[in-house]
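> Got a structure here, written out as structure tokens. Questions coming.
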Amino acid sequence: MSNVLPFRKPSAPPKGLCQHGFHRWQILQEKQFDVQQGKLVTVWRCERCGERKVKAT
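Just so we're aligned: the sequence shown equals residues -3 to 53 in the numbering used here.
Structure below.
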């Protein structure tokens, strides 16, 4: 009979998509006015990790 090794779970959590730059962006606020730039901007938020980005429109 052969030796059966027990299954071990990985100790580190698995890498998510957001950590590799694959965010799931959702519009948080559309057409918000930025006073410093003097432009309309759109605020985006990632559904998974909560990171935010701002794009001028």
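Think of the CB as a built atom: it goes at the ideal place given N, C-alpha and C, for glycine as much as any other residue.
Ends of the beta strand (DSSP E) at Q25?
Looking at the DSSP string, the run of the beta strand (DSSP E) that includes Q25 is W21 to D30.
> Taking 7 Å as the cut-off, decide whether the C-beta atoms of R44 and C14 are in contact.
Contact flag set, yes.
> Quick one: measure Cβ to Cβ for Q32 and A52, integer angstroms, because I've assumed they're closer than 8 Å.
Not really, about 11 Å apart at Cβ, beyond 8 Å.
> Can you tell me whether C14 is helix, strand or coil according to DSSP?
C14 falls in the helix class under three-state DSSP.
> Measure the beta-carbon distance from Q25 to V39 and round it to whole angstroms, keeping in mind my assumption that it falls under 8 Å.
4 Å between Cβ atoms; contact.
> Less than 6 Å between C-beta atoms, sequence neighbours within five positions excluded: which residues of the same chain meet that for K27?
Taken in chain order, the residues that qualify are L36.
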